[in-house]
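K.L.:
Residue numbers (the numbering used here), protein chains in the order written: chain A, 84 to 163; chain B, 84 to 163; chain C, 4 to 149; chain D, 4 to 149.
Glycine included, C-beta positions come from ideal geometry on N, C-alpha and C.
Got a structure for you, questions after.
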Amino acid sequence: MAQVSLLYFASLRDAAGMASEAVETQAPALSALYEELRRRHGFALDVDRLRVAVDGEFARWEDAVRDGSEVAFIPPVSGG
Amino acid sequence: MAQVSLLYFASLRDAAGMASEAVETQAPALSALYEELRRRHGFALDVDRLRVAVDGEFARWEDAVRDGSEVAFIPPVSGG
Amino acid sequence: MSDASAKRFAISGDPIDAAALRARLLHDQAGAFAAFEGWVRNHNEGRPVGGLHYEAYTALAEAEGERIVREALERSGALDACCVHRVGELAIGDMAVWVGVSAAHRGVAFDTCRWIIDEVKSRVPIWKHERYLDGQSDWLHPGRAE
Amino acid sequence: MSDASAKRFAISGDPIDAAALRARLLHDQAGAFAAFEGWVRNHNEGRPVGGLHYEAYTALAEAEGERIVREALERSGALDACCVHRVGELAIGDMAVWVGVSAAHRGVAFDTCRWIIDEVKSRVPIWKHERYLDGQSDWLHPGRAE
Chain A
84 MAQVSLLYFA SLRDAAGMAS EAVETQAPAL SALYEELRRR HGFALDVDRL
134 RVAVDGEFAR WEDAVRDGSE VAFIPPVSGG
Chain B
84 MAQVSLLYFA SLRDAAGMAS EAVETQAPAL SALYEELRRR HGFALDVDRL
134 RVAVDGEFAR WEDAVRDGSE VAFIPPVSGG
Chain C
4 MSDASAKRFA ISGDPIDAAA LRARLLHDQA GAFAAFEGWV RNHNEGRPVG
54 GLHYEAYTAL AEAEGERIVR EALERSGALD ACCVHRVGEL AIGDMAVWVG
104 VSAAHRGVAF DTCRWIIDEV KSRVPIWKHE RYLDGQSDWL HPGRAE
Chain D
4 MSDASAKRFA ISGDPIDAAA LRARLLHDQA GAFAAFEGWV RNHNEGRPVG
54 GLHYEAYTAL AEAEGERIVR EALERSGALD ACCVHRVGEL AIGDMAVWVG
104 VSAAHRGVAF DTCRWIIDEV KSRVPIWKHE RYLDGQSDWL HPGRAE
């Protein structure tokens, strides 16, 4: 069981109704963590459209969920 | 015989020692006019490196020399 | 050439001061300067736009933007470059992003400026939320099937 | 889009006011703005430069510059553009030329800005006279056999 802080941006934040939350999860990898939260909040975006960051740096979806880490889901960007 | 005003720029002006002059010429075309002045002032630049303008618009070297016109010899440009 | 410790990318909640950014890029060896500005347009894909806001994941956006500008300087040999992206509420005509590059020659200045804005648009975690004049509004997530 | 009677190219004996020129190019439909500045460098082809002056055949330069900018707008579909070239005495770091282009999208803005400066450099009757730190000086006539 890992305790993680989650950051939501843009349409994910609107769908979740919050910018961040703390969750306990048994998801083995970041991709599984996203699927868990997708079911809970009804996110429209498939995992392969997103990137993921851990503690302020880009990470890989297959990385393990580390206890105490901050995980951010990055929807397709539209700056500029 | 045509009476023309001549404008010299950049290295041509330095070589001629003047920015403009009035000349009488029997040169049939603008190219012959340049050769005449090149001999007089010792211009280093070949005619095929220059462009020519008459009364403020680009002209062709084969154009006739018009009485009363203002002729400018345009050395290779280096703005920017 | 360029100070390795200087910050060259920033996320800003305040209007972008392009003149101050340009002044940072002056170099005696620079013969060319290219700049790009992204302005808020009154339309997008045919829909009239009334205004928008940008949101960023600031910590990661600034780290990734910094990597982009440094990578651009290493690849191109440009003398210096910087970029600032605005966040918050913007009106039509406001400057959303500024990129400037100084270089010895113009080819490098143009190519580097273009490369930076292309990379910023594709890699930096910033999101645009548009409000349309028909009352609707939406986050832009390029590539989404509508 | 663009006012057909407005002047879009000028030769100037005074320092170029880039901010005022940029302001002329603002359009609600513009999402992109690209600018180029030519700065006086402290070297040219390996020779240290102390300063320079530019001379123009002003009447023809302004007519030809105007043709270049109008042709650029017709070819590219950019929203607006303008260019000013300085003449007279300039010091290291001074702005010799400014080109700005506004467009709906950045590709057109960059390409049009680049095309204009390339054409200005090859077609407009302006000449650069460089003073070198070794005491020599010379008119630049590109292509000349030395």
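When the cut-off is 8 angstroms and only beta carbons count, does residue 56 of chain D lie next to chain B?
P.N.:
Cβ-Cβ to chain B under 8 angstroms: no for residue 56 of chain D.
K.L.:
Hey, does residue 130 of chain D have any beta-carbon neighbour from chain B nearer than 8 angstroms?
P.N.:
By this cut-off, residue 130 of chain D is an interface position.
K.L.:
Going by alpha carbons, who is nearest to residue 81 of chain C out of C/123, C/33, C/59 and C/25?
P.N.:
It is C/33.
K.L.:
Report, in whole angstroms, the separation of the C-beta atoms of residue 57 of chain C and residue 89 of chain C, which I expect to be a contact under 8 angstroms.
P.N.:
Yes, residue 57 of chain C and residue 89 of chain C are in contact; Cβ-Cβ is about 6 angstroms, under 8 angstroms.
K.L.:
For chain D, is any of its Cβ atoms less than 8 angstroms away from the one on residue 78 of chain C?
P.N.:
No, residue 78 of chain C lies away from the interface with chain D (no Cβ there is under 8 angstroms from its Cβ).
K.L.:
Decide yes or no for the touch test of the stretch 64-80 of chain C against the stretch 113-130 of chain C: beta carbon pairs closer than 8 angstroms, at least 3 of them.
P.N.:
In short, these stretches touch, since the Cβ pair count reaches three.
K.L.:
Between residue 159 of chain A and the rest of its own chain, which residues show a CB-CB distance below 7 angstroms, the 5 nearest in sequence each way excluded?
P.N.:
Contacts found: 132.
K.L.:
DSSP three-state call for residue 3 of chain C: helix, strand or coil?
P.N.:
Not covered by the structure: residue 3 of chain C. The range shown for chain C is 4 to 149.
K.L.:
Beta-carbon within less than 7 angstroms of residue 113 of chain C's beta-carbon, same chain only, minus the 5 sequence neighbours each way: which residues are those?
P.N.:
For residue 113 of chain C, where only same-chain residues beyond five positions count, the Cβ hits under 7 angstroms are 37.
K.L.:
Answer yes or no: the CB of residue 100 of chain A versus the heavy atoms of the ligand MG, is any distance below 7 angstroms?
P.N.:
Among the components of this structure there are no ligands whatsoever, and the ligand MG is therefore not found.
K.L.:
Contact check, residue 145 of chain C vs residue 161 of chain A under 8 angstroms by CB: the rounded distance?
P.N.:
Rounded, the Cβ-Cβ distance is 6 angstroms, consistent with contact.
K.L.:
Consider the Cβ of residue 66 of chain C: report whether some Cβ of chain A lies at a distance smaller than 8 angstroms.
P.N.:
Closer than 8 angstroms: yes.
K.L.:
So, do the stretch 143-151 of chain A and the stretch 108-128 of chain A have three or more beta carbon pairs nearer to each other than 8 angstroms?
P.N.:
Because the criterion of three Cβ pairs below 8 angstroms is met, the stretch 143-151 of chain A and the stretch 108-128 of chain A touch.
K.L.:
Measure the C-alpha to C-alpha separation of residue 168 of chain C and residue 102 of chain B and round it to an integer number of angstroms.
P.N.:
Absent from the structure is residue 168 of chain C, since the part of chain C shown begins at 4 and ends at 149.
K.L.:
Let me make sure I understand the geometry here. Which of A/116, A/152, A/139 and A/100 has the alpha-carbon closest to that of residue 130 of chain A?
P.N.:
That would be A/116, whose Cα lies nearest to the Cα of residue 130 of chain A.
K.L.:
Is the separation between the beta-carbon of residue 1 of chain D and that of residue 96 of chain C shorter than 8 angstroms?
P.N.:
Absent from the model: residue 1 of chain D. The displayed extent of chain D is 4 to 149, so no value can be given.
K.L.:
Among the residues of its own chain, which have a CB less than 7 angstroms from the CB of residue 149 of chain C, if the five just before and after it don't count?
P.N.:
Note that residue 149 of chain C scores 40 on pLDDT, short of 50, meaning its location in the model is unreliable and no value can be drawn from it.
K.L.:
Taking its Cβ as the centre, do 16 or more other Cβ atoms sit within 10 Å of residue 133 of chain D, making it buried, or is it exposed?
P.N.:
So residue 133 of chain D counts as buried.
K.L.:
Report yes or no: is there a C-beta of chain B within less than 8 angstroms of the C-beta of residue 28 of chain D?
P.N.:
No, because no Cβ of chain B sits closer than 8 angstroms to the Cβ of residue 28 of chain D.
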